[in-house]
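> Got a structure for you, questions after.
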Amino acid sequence: MLRKAREAAGLHIAALAVALKVPVKKLEALETDRFDLLPDTVFVRALASSVCRTLKIDPNPILENLPHNAAPRLKTDESGINTPFRATGDVSGLPFWEQLSKPVVLAVLLLLVGVVVLVFFPFAEHIKADNAPKSATADLPPVVLAPVTPPVLIEPPAVVPTPTPALPSNLMEPVAQVPHAPALAASAVAIAPAASASVAALKPTPGAASSGAMVVLKARASSWVEVVDASGAVQVRKIMAEGEVIGASGAMPLSIVLGRADSMEVQVRGKLFDLTRVAKDNVARFEVK
Numbered sequence: 176m177l178r179k180a181r182e183a184a185g186l187h188i189a190a191l192a193v194a195l196k197v198p199v200k201k202l203e204a205l206e207t208d209r210f211d212l213l214p215d216t217v218f219v220r221a222l223a224s225s226v227c228r229t230l231k232i233d234p235n236p237i238l239e240n241l242p243h244n245a246a247p248r249l250k251t252d253e254s255g256i257n258t259p260f261r262a263t264g265d266v267s268g269l270p271f272w273e274q275l276s277k278p279v280v281l282a283v284l285l286l287l288v289g290v291v292v293l294v295f296f297p298f299a300e301h302i303k304a305d306n307a308p309k310s311a312t313a314d315l316p317p318v319v320l321a322p323v324t325p326p327v328l329i330e331p332p333a334v335v336p337t338p339t340p341a342l343p344s345n346l347m348e349p350v351a352q353v354p355h356a357p358a359l360a361a362s363a364v365a366i367a368p369a370a371s372a373s374v375a376a377l378k379p380t381p382g383a384a385s386s387g388a389m390v391v392l393k394a395r396a397s398s399w400v401e402v403v404d405a406s407g408a409v410q411v412r413k414i415m416a417e418g419e420v421i422g423a424s425g426a427m428p429l430s431i432v433l434g435r436a437d438s439m440e441v442q443v444r445g446k447l448f449d450l451t452r453v454a455k456d457n458v459a460r461f462e463v464k
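The number in this note's numbering is simply the position in the sequence shown, starting from 1, with 175 added.
Spelled out as structure tokens, the structure:
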């Protein structure tokens, strides 16, 4: 019936296969009633309905001649759906050691071991403490310390000075007379003026220090002094001690700085210089031209 309808419509089987997007062999099996070459009854009836729709004919007469859907039959024997995966006497598929190597099994075993340790470890420690022998120090008898007596200081016997026998009067006399006593006194008198003369020579004299100097500085107390000439040469730069006298000369003008103006005395060309006019905060800075 499908072939006659297709030929009446003037449609080639290949063109029909292209329109339905199915192989030509399946259309030929449908037209020749070779349903065994098709997947199942549902596919046969659906393909026939699609052909009728394409040829624009009534599908009911054709579907009535096609086989109907067969109800699925469940097998109850060993090859059916109730067939067990393994027989009752079969050994489990995985060996024991392979089952232990699974992460889940290992985690469970570690958890069990941890629980056992937490439960029995305090109990074992308590039993060990009860069964432990007492320390050796507990069995020793108590030591009684004897009272310590304070040390007794023994004073040494007093030394009684024994009287020394008096020597004879002839042994008390001097052995010999010291000769030349007047000569020694004379020499001592001669040494004393010489020593005083040398000490006097060591003391600085203002006249010797100021001879030929343009400026003479005398310190009544320790003070910082700096004298620089016009060429920049430092003539004096030091801390003068109390009573020290220094003379300074150089290329004019001389720049002079005194750290403690109230402790210094300055003579310029032999005349006393007034420091109060140039001192500020007890520091005197001035030039000598």
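Beta carbons are placed, not taken as given, at the ideal position from N, Cα and C, and that holds for glycine.
1) Taking Cβ positions, are glycine 439 and leucine 433 nearer each other than 7 angstroms?
2) Going straight from the alpha carbon of leucine 222 to that of glycine 185, what length do you get?
3) Between alanine 192 and valine 279, what straight-line distance do the alpha-carbon atoms span, to the nearest angstrom?
4) In three-state DSSP terms, what is valine 453?
5) Using a 10 Å radius around the Cβ and a threshold of 16 neighbouring Cβ atoms, would you call leucine 177 buried or exposed?
6) I think isoleucine 431 touches valine 390, with their Cβ atoms under 8 angstroms apart; what is that distance to the nearest whole Å?
7) So arginine 181 packs on leucine 230, CB below 8 angstroms; how close in whole Å?
8) Please report how far the alpha carbon of aspartate 404 lies from the alpha carbon of lysine 413, in whole angstroms.
9) For arginine 435, I'd like the list of residues in its chain whose CB is within less than 7 angstroms of its CB, leaving aside the five on either flank, ordered along the chain.
10) Please confirm whether alanine 394 and methionine 415 have their CB atoms less than 7 angstroms apart.
11) Keeping to the same chain, check which residues put their C-beta closer than 8 angstroms to that of alanine 190; ignore five residues upstream and five downstream.
12) Quick one: give me the first and last residue of the alpha helix (DSSP H) that lysine 201 is part of.
13) Is glutamate 419 helix, strand or coil when you go by DSSP?
14) Report buried or exposed for histidine 355, applying the criterion of at least 16 other Cβ atoms within 10 angstroms of its Cβ.
15) If I follow the unbroken alpha helix (DSSP H) through leucine 177, where does it start and stop?
16) Do glutamine 410 and glycine 422 have their C-beta atoms within less than 7 angstroms of each other?
17) What did DSSP end up calling leucine 241 once you bin it into helix, strand or coil?
18) Identify, in the order they occur along the chain, each residue of the same chain with its Cβ nearer than 6 angstroms to the Cβ of alanine 454, setting aside the five sequence neighbours on each side.
19) Quick test of your reading: proline 242 and phenylalanine 210, contact by CB under 8 angstroms. State the CB separation rounded to the nearest angstrom.
20) Looking at the secondary structure, which residues open and close the beta strand (DSSP E) in which phenylalanine 218 lies?
21) Round the Cβ separation of leucine 205 and valine 217 to the nearest angstrom and send it over; I've been treating them as touching at under 8 angstroms.
22) My assumption, with CB atoms under 8 angstroms, is that valine 441 sits in contact with leucine 450. Please give the rounded CB distance.
23) Compute the distance between the beta-carbons of serine 224 and proline 234, then report whether it is under 7 angstroms.
24) May I have the straight-line CA-CA distance separating valine 294 from leucine 287, to the nearest angstrom?
25) Which value, in whole angstroms, describes the spacing of the CA atoms of alanine 194 and glutamate 239?
Based on what the coordinates show:
1) First, the residue type needs correcting, since residue 439 is methionine and not glycine in the sequence shown. Cβ distance < 7 angstroms, so methionine 439 and leucine 433 count as in contact.
2) 19 angstroms
3) 56 angstroms
4) coil
5) buried
6) 7 angstroms
7) 6 angstroms
8) 15 angstroms
9) Ala396, Ser398 and Asn457
10) yes
11) none
12) 199 to 206
13) coil
14) Below a pLDDT of 50, predicted positions are generally treated as unreliable, and histidine 355, at 43, falls in that range; the measurement from the model is reported next regardless. Burial call: exposed.
15) 177 to 183
16) no
17) coil
18) Ala436
19) 6 angstroms
20) It is not in any beta strand (DSSP E) - phenylalanine 218 instead sits in the alpha helix (DSSP H) that spans 216 to 230.
21) Rounded, the Cβ-Cβ distance is 13 angstroms, inconsistent with contact.
22) 6 angstroms
23) yes
24) 11 angstroms
25) 24 angstroms
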